[in-house]
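These notes are about the structure you will find just below.
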């Protein structure tokens, strides 16, 4: 099987990042694998735990920091127990949740020396998101892809038809992907030690070539629209040279330039052999997204900047210009989202 893969992980505050290092596990012939990301929730998991680590050293970390890393450890162990030649049983979500419940309960017993009733429903013990893709492939270049998630981290599939979000954000008010960029919705469901949560799942069939992606909100939460996130992915590909490492570096730089959060992403590209093959495959899509969804916004922003610099421009008119831009984004989103949701 032809493939390329990489992971991205950066911390805004070195040593204190709330995203765990992403998971990317595949078997020897890349016919089976799993990609997962984990984002500890800093607000709900702000409680600081002081405890002894495995070396007997006293350390202190927030619940968010600990939660994402614990979820990674448990999830990777769960999938490592699956025989490489077998497909995960139909109800593997139940098995994963069982392991998470036990692992998180054990961790709380270990580190929470003074357990007490939480004062707010917004505060949780060891809260984290989780978003994963488990896939198997057959001999006909077709993938069976199961998305599983809790929280607002996302699962995607990217093909020449565009970027498709395979997971649904667990957010109060159920905003769509554009609304989520323009509002501050709170998370309605996440992994945590108290155990009252669900792990959602959805399964689709996808033809190669395809790029599977899991990402925390630092990757997609600071763009102007969902189409701009696809454009960011494709532009990084087009600007890179030689190999997957170059693609990774371009993408990491592009996201880091706009992100106000930690970044973590797993990427697995199946169905093309070289970077140049992928660039050829996506070239027409890249030009289409640029012309149809990105350039109109750039032109509107340039016009806004020009008007704001004119003599006699009243500050009160700024609000009108921003409303016009918002309307444009919504109009473009109506066209883009036809292929966006899986």
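In UniProt numbering, the protein residues as written are 1 to 342.
All residues carry an ideal CB built from backbone N, CA and C; glycine is no exception.
Inclusion of residue 136 and residue 32 in the CB contact set at 8 Å is warranted, their separation being smaller than that value. Put simply, the backbone Cα of residue 282 is about 47 Å away from that of residue 59. Under the 10 Å beta carbon count, residue 209 is surrounded by 16 or more other beta carbons and is classified as buried. For residue 8, the uninterrupted beta strand (DSSP E) segment begins and ends at 3–10.
Boundaries around residue 102 are those of the alpha helix (DSSP H), 92–111, since no beta strand (DSSP E) includes it. Within the same chain, Cβ atoms closer than 6 Å to the Cβ of residue 153 are found at 37, 39, 129, 131 and 216, the five residues on either side in sequence being excluded. If you draw a straight line from the Cα of residue 34 to the Cα of residue 307, it comes to about 50 Å. Taking residue 74 as the centre and dropping the five residues before and after it, the same chain places the C-beta of 99, 100 and 103 closer than 6 Å to its C-beta, in chain order. Per the DSSP secondary-structure output, residue 207 pairs in a beta bridge with 142. Residue pairing by DSSP puts residue 154 in a beta bridge opposite 215. The DSSP-derived three-state label of residue 60 is strand. Shown here, residue 161 sits in coil according to DSSP, grouped into three states, outside any helix or strand. For the pair residue 47 and residue 274, the Cα-to-Cα distance works out to about 46 Å.
Counting only the Cα atoms, residue 173 lies some 32 Å from residue 160.
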